[in-house]
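Novice: Numbering (the UniProt record's numbering), first residue to last: 1 to 746.
Dropping a structure here in structure tokens format, bear with me for questions.
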Ligand code: ADP
Ligand code: ZN
């Protein structure tokens, strides 16, 4: 017999969980004050007391996660000890879908859920007003006396008479010029600046604005993708096709379908800051530029974009990986372009792979996702093979453009002169192209002048005092710099060990050194150097790209930023200075990554009428990666990669999680690593490798040890990691970072 009093609701005291954007293991419980008793819902943004402070958080409720991922329930706290919520803020609540996604990412990566929430809330909570923006308008025609340079012409084309005001950033990016060009035109009375009113909401991309004519493979693929969007259900599709085959064109058709249905689309690009060309392309297709989301857009744009995504007025968001955490109202499509790119992996803070989490987000939103690449990752290919993903293939370049011919230069047979790095074969080829008025590119994925400075007398190597790494000489800036921390020091005159004068020698090339060599080999060429430290930010990049497109440059010398999806119609030769560069080291994907990077670089050549050529300088021309690049048989190469990874249960045939133990105290790091090693999990299909010193054994003054958990594919790493780490405590100087599905093994 149940006493009736037990069935009555509890007196008005109610409790809720509140997730704070702080590194706690779970949401905290708070009491609901009478004033909010009937009006508080999950997702509401509230202010709560925490110690002596006020913190802003979100009312949370337990998400139902797959059993492997679910964290253990938090300890129950007596109702009498709960502190009350202070107030509810007048902000839109976080949707159930976004809350689930946050819980999912936290559970998968083993990050504190509050830190994932922090990524999502960064823009939501900062309500401060910023100064009104300044915009530029056209007020006249250029006077006769003003010399019309191509750069000035580009600005005038970008800002016709009567066009609405645009910000300096927009204008310089659109025209591909520097700030000084705009200021010069203002001084000449052609442009003027004015205060803009509140920034207009995002103009709506028009799916019917300028559709392409599609035939063959392209038409089939576009129809397929449109059908996926129409299904309004989760599906994942790999869109594979060589560079220039029209992948972008095709996935924009899926975006068009999504827009036609009145839903929102998210497009993730690997380096959003570098993609003015992509934005223009979007504008040609849809009439307006999309809303953009990345770390450099500024606080005000961030707030507006966030709000517009939330209220549905921004229909297409193009962003870097953090755009995954935007508050979509009605997400109908997710695109990940260049899905194989390692930059989708965030290594700092919450360690997550945006490509993989995009699949999760799409699933939670019941929306299709499209992964596009010319060189898909083995993970994605495996998902195709096992039937989890669909597969669409574009086989040829659009408009009959040929793929560039790839040839190897065997550096053992055709070595450069002593102390130089360009083989006579490559030099000759560049000269020929330049002689014909075509553009050429030299690619070397290494910044600075030389990667190593060595004393010829005693053999001393200049190393970073805080990291296990050589200092890289940057001759223009006259410093030695560590590429792992911020340390720089002047280049010494004498060896710090033996004191010998003028004995320090630069060993090996960086792009500064290649530029020096190129200037002497090609004295008449107009050379542009493109590296992340010489060209920073979207405006500078757009300016550089603009110059190349206008043929104000003959020879481009660059690091990986030149490999991105640029379209350089006059570029016909790409020379890779050191094709073997990425193949050394402890990285399980070294071959795959080198292949992807070099294929991407090669794809810059011959995108228009003139056929392109790629020359690879290599000391190991017989290496399977080099052979695959020459034959272009990417599929066979990846099949070979798969065969090598299968027997050892390496991803994607098994799962990995790395533990990185670090401390400023080497002994403490060793002890903690040993503790982890001794208590390592074991069992059928579970294996722990290490602990070993990390390849970068000291980083920013912290000593680092690594362990690697490897399991068979059907065994989730998360519960194993939770149990393993949960039973240990370490001294406070020790940090243990968890990296599920590691990409970097440094
Ligand atoms: P990918 O993304 O595979 O590198 P793109 O979509 O960038 O290929 O296409 C390469 C070039 O060909 C672009 O300049 C694009 O505008 C053009 N292109 C591709 N397909 C078509 C088409 N059906 N009609 C017109 N231009 C196209
Ligand atoms: Zn360093």
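We put the CB at the ideal spot given by N, CA and C, even for glycine.
What are the start and end residues of the beta strand (DSSP E) that includes residue 249?
Specialist: Numbered from 1 along the chain shown, position 249 holds the residue referred to as residue 249. Counting along the chain, residue 249 falls outside any beta strand (DSSP E), though it belongs to the alpha helix (DSSP H) covering 247 to 260.
Novice: Counting C-beta neighbours from all protein chains within 10 Å, is the total for residue 282 16 or more, i.e. buried, or is it exposed?
Specialist: What you label residue 282 is simply residue 282 of the chain shown in a count that begins at 1. It counts as buried.
Novice: Figure out for me which residue from 381, 538 and 406 has the closest Cα to the Cα of residue 296.
Specialist: Within the chain shown, the letter at position 296 stands for residue 296. Nearest of 381, 538 and 406 to residue 296, Cα basis: 538.
Novice: What do you get for residue 388, buried or exposed, if any count of 16 or more other CB atoms within 10 angstroms of its CB means buried?
Specialist: Here residue 388 refers to the residue found at position 388 of the chain shown. The residue in question, residue 388, is exposed, as its Cβ has fewer than 16 Cβ neighbours within 10 Å.
Novice: If you check the beta carbons only, do residue 277 and residue 567 fall under 8 Å apart?
Specialist: In the chain shown, residue 277 corresponds to position 277, counting from 1. In the chain shown, residue 567 corresponds to position 567, counting from 1. Contact flag set, yes.
Novice: Between which residues of its own chain and residue 47 is the CB-CB distance below 6 Å, once the five residues before and five after are set aside?
Specialist: As a position in the chain shown, residue 47 is number 47, starting the count at 1. These residues qualify, in order along the chain: 54, 56, 86 and 87.
Novice: Mapping DSSP to helix, strand and coil, what is residue 375?
Specialist: Within the chain shown, numbered from 1, the residue matching residue 375 stands at position 375. Residue state, collapsed to three classes: coil.
Novice: Just grab the DSSP bridge partners of residue 294 for me.
Specialist: Position 294 of the chain shown, counting from 1, holds the residue named residue 294. Paired residue(s): none; residue 294 is not in a bridge.
Novice: Use the C-beta contact count for residue 728: other C-beta atoms within 10 angstroms, 16 or more gives buried, fewer gives exposed.
Specialist: On the chain shown, position 728 is the one that residue 728 refers to. It is exposed - the Cβ of residue 728 has fewer than 16 other Cβ atoms within 10 Å.
Novice: Report whether the distance from the Cβ of residue 373 to the nearest heavy atom of the ligand ADP is below 7 Å.
Specialist: Here residue 373 is taken as the residue at index 373 of the chain shown, counted from 1. Checking the Cβ of residue 373 against the ligand ADP gives no.
Novice: I need the DSSP call for residue 24, collapsed to helix, strand or coil.
Specialist: Counting from 1 along the chain shown, the entry for residue 24 is found at position 24. Residue 24 falls in the coil class under three-state DSSP.
Novice: Quick check: is any heavy atom of the ligand ADP less than 7 Å from the C-beta of residue 214?
Specialist: Here residue 214 refers to the residue found at position 214 of the chain shown. Within the cutoff, so yes.
Novice: Using the three-state DSSP reduction, which class does residue 288 fall into: helix, strand or coil?
Specialist: Within the chain shown, numbered from 1, the residue matching residue 288 stands at position 288. If DSSP states are grouped into helix, strand and coil, residue 288 belongs with coil.
Novice: Looking only at its own chain, which residues have a Cβ that is under 6 Å from the Cβ of residue 457, when we skip the five neighbours before and after it?
Specialist: Your numbering for residue 457 matches position 457 in the chain shown. Cβ neighbours of residue 457 beyond the five flanking positions: 498, 500 and 503.
Novice: By DSSP, does residue 108 sit in helix, in strand, or in coil?
Specialist: Residue numbering aside, residue 108 sits at position 108 when the chain shown is read from its first letter. Three-state DSSP puts residue 108 in a helix.
Novice: Note down, in chain order, each residue of its chain lying with its Cβ closer than 6 Å to the Cβ of residue 454, except the 5 sequence neighbours on either side.
Specialist: Locating residue 454 in the chain shown gives position 454, where the first residue counts as 1. These residues qualify, in order along the chain: 461, 505 and 507.
Novice: Kindly provide the ranges of any alpha helix (DSSP H) runs that are 4 or more residues long and lie completely inside the region 58 to 116, ordered along the chain.
Specialist: Listed in chain order, they are 96 to 109.
Novice: Could you have a look at residue 684 and say whether DSSP puts it in helix, strand or coil?
Specialist: The residue labelled residue 684 in the question sits at position 684 within the chain shown. Here residue 684 sits in coil by DSSP.
Novice: How about residue 343 and residue 109: are their beta carbons less than 8 Å apart?
Specialist: Taking the chain shown and counting its residues from 1, the one referred to as residue 343 is at position 343. Taking the chain shown and counting its residues from 1, the one referred to as residue 109 is at position 109. For residue 343 and residue 109, no; Cβs fall outside 8 Å.
Novice: Go ahead and pull the three-state DSSP assignment for residue 447.
Specialist: For this step, residue 447 is matched to residue 447 along the chain shown. In this structure, residue 447 counts as coil in the three-state DSSP scheme.
Novice: List the DSSP bridge partners of residue 441.
Specialist: The count along the chain shown starts at 1 and reaches residue 441 at position 441. According to DSSP, residue 441 bridges with 556 and 574.
Novice: Is it buried or exposed, residue 742, if we count other Cβ atoms within 10 angstroms and call 16 or more buried?
Specialist: Here the question's residue 742 lines up with position 742 in the chain shown. By the 10 Å Cβ count, residue 742 comes out buried.
Novice: Looking at residue 312 and residue 268, is the spacing between their C-beta atoms short of 8 Å?
Specialist: Counted from its first residue, the chain shown places residue 268 at position 268. Counted from its first residue, the chain shown places residue 312 at position 312. Contact: no.
Novice: Roughly how many angstroms separate the alpha carbons of residue 38 and residue 731, rounded to a whole number?
Specialist: As a first step, residue 38 must be located in the chain shown, where it is residue number 38. As a first step, residue 731 must be located in the chain shown, where it is residue number 731. The straight-line gap from Cα to Cα measures roughly 45 Å.
Novice: Taking the alpha carbon of residue 258 as the reference point, which residue from 559, 586 and 205 has its own alpha carbon closest?
Specialist: Locating residue 258 in the chain shown gives position 258, counting from the first residue. Considering only alpha carbons, the answer is 205.
Novice: How many angstroms separate the CA atom of residue 178 from the CA atom of residue 563?
Specialist: In the chain shown, the residue the question calls residue 178 occupies position 178. In the chain shown, the residue the question calls residue 563 occupies position 563. One C-alpha to the other measures close to 22 Å.
Novice: Quick check: residue 624 and residue 584, are their CB atoms within less than 8 Å of each other?
Specialist: One-based indexing of the chain shown puts residue 624 at position 624. One-based indexing of the chain shown puts residue 584 at position 584. No, the Cβ-Cβ distance between residue 624 and residue 584 is not below 8 Å.
Novice: Using DSSP with H/G/I as helix, E/B as strand and the rest coil, what is residue 136?
Specialist: What you label residue 136 is simply residue 136 of the chain shown in a count that begins at 1. Correct three-state label for residue 136: strand.
Novice: Between which two residues does the beta strand (DSSP E) carrying residue 410 extend?
Specialist: Mapped onto the chain shown, residue 410 falls at position 410. Residue 410 -> beta strand (DSSP E) spans 405 to 410.
Novice: Assuming the contact rule is C-beta atoms closer than 8 Å, residue 421 and residue 120 should be a hit. Round their C-beta distance to whole Å, please.
Specialist: Locating residue 421 in the chain shown gives position 421, where the first residue counts as 1. Locating residue 120 in the chain shown gives position 120, where the first residue counts as 1. Actually they do not touch by this definition, with Cβ atoms about 47 Å apart.
Novice: Following a CB-centred definition, is residue 703 positioned closer than 7 Å to any heavy atom of the ligand ZN?
Specialist: What you label residue 703 is simply residue 703 of the chain shown in a count that begins at 1. For the ligand ZN, not one heavy atom lies less than 7 Å from the Cβ of residue 703.
Novice: Is residue 606 near the ligand ADP, with its Cβ less than 7 Å from a heavy atom?
Specialist: Translated into the one-based positions of the chain shown, residue 606 becomes position 606. No.
Novice: How would you label residue 586, buried or exposed, when you count the other beta carbons within 10 angstroms and need 16 or more for buried?
Specialist: The count along the chain shown starts at 1 and reaches residue 586 at position 586. Residue 586 should be labelled exposed.
Novice: Start and end of the beta strand (DSSP E) containing residue 747?
Specialist: An answer regarding residue 747 cannot be provided, because it is not within the stretch 1 to 746 covered by the chain.
Novice: So, with DSSP's three-state summary, where would you put residue 734?
Specialist: Sequence index remark: in the chain shown, residue 734 carries index 734 (1-based). Correct three-state label for residue 734: coil.
Novice: State buried or exposed for residue 247, treating a residue as buried only when at least 16 other CB atoms are found within 10 Å of its CB.
Specialist: One-based indexing of the chain shown puts residue 247 at position 247. Label assigned to residue 247: buried.
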